[in-house]
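Numbers 468 to 709, taken from our numbering, label the letters of the sequence shown in order. Glycine residues also receive a C-beta, built at the ideal position from the N, C-alpha and C atoms. Values in this document were obtained by computation on a predicted structure and should not be read as measured data. To keep things clear, I will list the structure first and then write my remarks on it.
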Amino acid sequence: MTLRLGLFGKGRLGSAIAAEAGPALAWHAGRGETPDAGTGVANVVIDASVAEAVEAHLAWALETGTDLVIGTTGWSMPDLEARVAGRIGVLTASNFSLAVALMARMATVLGRFAALDPARDPYLAEHHHRLKADAPSGTAKTLAAALMTGCPRKTEWTLGAPAAHQLSLGVVRAGAEFGTHTVGLDAPAEVLELTHRARSRVPFAQGALAAARWLHGRKGVFTMDDLAADLLDPLFVFGDRP
């Protein structure tokens, strides 16, 4: 069966997803809009709108029995699993890039390396265009969590001067930057950094479509990490040992 997609959001990301989806796009609705009766049926809908619209779009998806990929950041719904209750598939993502998903796994490894020596101090920095509303970005929070998972002595992030248990996180909002994230560690004699720099929104659009294909037919609540576990974890097998 050919996958048919619906799309909420006509902003930068929504427009990029629509361009990548091509003829697979059944309908494209803006903020506050819902598909008209008779509009082409979609198997999976991608929400690339705004945080304030997520709850209404989820309610629509539950009412229509349509799987939903949520790519908006800045929203919170602690009872999401209870609301979904296995009726549809829902996947949430702070960043659709598979390269960023790979980076999150590598950030955990970097955190483990930092944990071996208290002199190795992990940190994170991110830069986005001046119009981005949330700071730090959802991606930065995801990478910070991955870094702290590997380095348990860091239990929370801060934008200010860090205490010993805090991960220093730097934020820049300037210019037209699509998105740059760096995780690193600073040791007395060396610095190790891993940087992802988006050159356009195409990787995010392609990842959103990959997420929609992966989600279709699944029930429950998932994250981009579940998709990444299928696609990326085999990359970390060396010889006969994981």
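Using only the alpha-carbon positions, how far apart do residue i and residue j sit?
i      : j      : result
Gly553 : Pro629 : 41 Å
Ser564 : Pro655 : 33 Å
Gly687 : Ala560 : 15 Å
His524 : Glu530 : 10 Å
Arg685 : Ile555 : 7 Å
Leu569 : Ala695 : 8 Å
Asp700 : Asp692 : 10 Å
Glu657 : Asp514 : 42 Å
Ala612 : Ala566 : 17 Å
Ala493 : His648 : 33 Å
Val557 : Gly651 : 32 Å
Leu698 : Ala631 : 36 Å
Val521 : Val576 : 33 Å
Ala489 : Trp624 : The displayed chain sequence assigns Gly, not Ala, to residue 489. Near 40 Å, if we compare the C-alpha coordinates of Trp624 and Gly489.
Leu598 : Asp653 : 30 Å
On a Cα-Cα basis, can you pick out the residue from the options that is closest to residue i?
i      : options                        : result
Thr469 : Arg479, Val508, Ala611         : Val508
Val536 : Ala679, Gly687, Pro701         : Ala679
Gly473 : Ala675, Phe705, Leu694         : Ala675
Asp584 : Asp546, Gly617, Ser516, Leu694 : Gly617
Arg550 : Leu569, Ala571, Trp527         : Trp527
Trp542 : Glu519, Thr533, Pro490, Met570 : Glu519
Thr606 : Asn510, Leu577, His663, Arg620 : His663
Glu441 : Leu634, Ser516, Leu698, Thr609 : Outside the modelled stretch of the chain, which goes from 468 to 709, sits residue 441, for which no answer is possible.
Arg620 : Ala483, Arg587, Val512         : Arg587
Leu659 : Asn562, Glu593, Ala600, Phe580 : Phe580
Determine the contact status of residue i and residue j, defining contact as a CB-CB distance below 8 Å.
i      : j      : result
Gly538 : His595 : no
Leu661 : Met544 : no
Arg479 : Arg668 : yes
Pro589 : Leu626 : no
Leu610 : Leu591 : yes
Ala672 : Glu487 : yes
Ala602 : Arg640 : yes
Ser604 : Thr540 : yes
Contained beta strand (DSSP E) runs [length at least 3] in the segment 624 to 697, N- to C-terminal order: If we require 3 residues or more, the beta strand (DSSP E) runs fully inside the segment 624 to 697 come out as 633 to 640, 647 to 654, 657 to 664, 687 to 690.
Could I get the ranges of all uninterrupted alpha helix (DSSP H) runs contained in the segment 521 to 545, with 4 residues as the minimum, in chain order? 521 to 531
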